[in-house]
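Student: In this note's numbering, the protein residues as written are 1059 to 1455.
For each residue, glycine too, the CB sits at the ideal point set by N, CA and C.
Please read all numbers here as calculations on a predicted model, not as lab measurements.
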Ligand SMILES: Cc1cc2nc3c(=O)[nH]c(=O)nc-3n(C[C@H](O)[C@H](O)[C@H](O)COP(=O)(O)OP(=O)(O)OC[C@H]3O[C@@H](n4cnc5c(N)ncnc54)[C@H](O)[C@@H]3O)c2cc1C
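1) Does the segment 1182 to 1201 touch the segment 1131 to 1147, meaning 3 or more C-beta pairs lie closer than 8 Å?
2) Report the rounded CA-to-CA distance for residue 1360 versus residue 1433, giving the unit in angstroms.
3) Which one of 1375, 1409 and 1386 has the shortest CA to CA distance from residue 1395?
4) In chain order, which continuous runs of the alpha helix (DSSP H) of length 4 or greater are located wholly inside the segment 1418 to 1446?
5) Using 8 Å as the Cβ pair cut-off and three pairs as the minimum, do the segment 1111 to 1129 and the segment 1162 to 1174 touch?
6) Under the rule that 16 or more other beta-carbon atoms within 10 Å means buried, what is residue 1105, buried or exposed?
7) Between which two residues does the alpha helix (DSSP H) harbouring residue 1168 extend?
8) Taking residue 1307 as the reference, which of 1275, 1418, 1147 and 1329 has the closest Cα?
9) For residue 1302, does the count of other Cβ atoms within 10 angstroms reach 16, so buried, or fall short, so exposed?
10) When DSSP builds the beta bridges, which residues end up paired with residue 1135?
11) Based on the DSSP secondary-structure assignment, which residues constitute the bridge partners of residue 1331?
12) Hey, would you say the C-beta of residue 1342 is under 7 Å away from at least one heavy atom of ligand 1?
13) Under DSSP, the beta strand (DSSP E) around residue 1396 begins and ends at which residues?
14) Spatial neighbours of residue 1017 within its chain, please: CB distance less than 7 Å, with the 5 preceding and 5 following residues excluded, ordered by chain position.
15) Given the structure, does residue 1168 come close to ligand 1, in the sense that its CB is under 7 Å from one of the ligand's heavy atoms?
16) I need the DSSP call for residue 1009, collapsed to helix, strand or coil.
The following block contains the structure:
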């Protein structure tokens, strides 16, 4: 029997692992090269929307995800200082009825572990750790990925799923030239049992204020609470997931916010801070047998909670294109790119456009704030329609 075509993937994050699993499902051999010495994920939450969940279902992971996630009762907007909660929350039962899949919240490490386990089960040994990609060479007949330790591995296609500071992107296109937004996101995780009852919530909440907004949701079956706190601030500009700050500094960024928010901040063990940058969108990200996915080609501001969902959708559509057009891999990658650029560009632009909505001047006064969060909740229901109905498993190839 002829050998199966081989897909090489740089980066075993959420996007790379999804691409690996989907490629295995479509009949390819896969090798993944992850720079980290041990597989894992940062301590943070992630929201998996119906479009990402649809892919997980197609990969046979629905039951595992439902076991590990939290399915909030609904989503609500909350006024930053009064704690007024919108009269029209988005109920999870409505989301499932409308889109066929839930909008769940998870610990990133839990989702990552589920994907790693699934790849290992289908192809033991496919994931290599301590394997940093530093470049590639391609010819008409194949592509070779170069690793930092001197190894070179040959395959049929190379996918750069190596995140924001992608080495594959750097060689293919050059470095991204991001623009600082003037905003910082703090994030932290708190054991639920540590919090007083009146601070706990079974909703996903978006607290909105004139100078910041704070996203709060339970993860891991409700055992933990995830907090992502966004604030206008321009004195600190490092784009990293792993920069530690202090609780005092975080609390000082949110003067006058509701006591619930300060109780949450007081209970975060490790507050991390992340400066938010806007990256220009690309009009092409493939060449010959080499392509990109996820943050490597369309990093986004987190104001639609869609970066991971996009990477997951990319991985599935890519595998379907490879399955459809093999052995013409260059054609498969062009098709993949043509399908994904419009969708991901729309999401990146819509995320940036959400910022003024989340920092509206009406939020400064209790009466106008109340009206604003009620209308905002209704707007959100309709504006998510195009986001959640997208189906990576059936979109025409
Ligand atoms: C504050 C915040 C909140 C967010 N919340 C959400 C949310 O709720 N929902 C959502 O959908 N998205 C969210 N996102 C975005 C989301 O986390 C990212 O878009 C997503 O993780 C991208 O996945 P990826 O696989 O492309 O990249 P990554 O997850 O970054 O994975 C890249 C992998 O490649 C590895 N790597 C890097 N360089 C190399 C190399 N040279 N060689 C080999 N391996 C390499 C890395 O170690 C890593 O494992 C959020 C982001 C932020 C900043």
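Tutor: Reading it off the structure:
1) no
2) 22 Å
3) 1375
4) 1424 to 1441
5) yes
6) buried
7) 1166 to 1180
8) 1329
9) exposed
10) 1264
11) 1244 and 1301
12) no
13) Where residue 1396 is concerned, there is no enclosing beta strand (DSSP E), although the alpha helix (DSSP H) it sits in stretches over 1387 to 1416.
14) This structure leaves residue 1017 out entirely; the chain is present only between 1059 and 1455.
15) no
16) This structure gives no information on residue 1009, because the portion of the chain shown stretches from 1059 to 1455.
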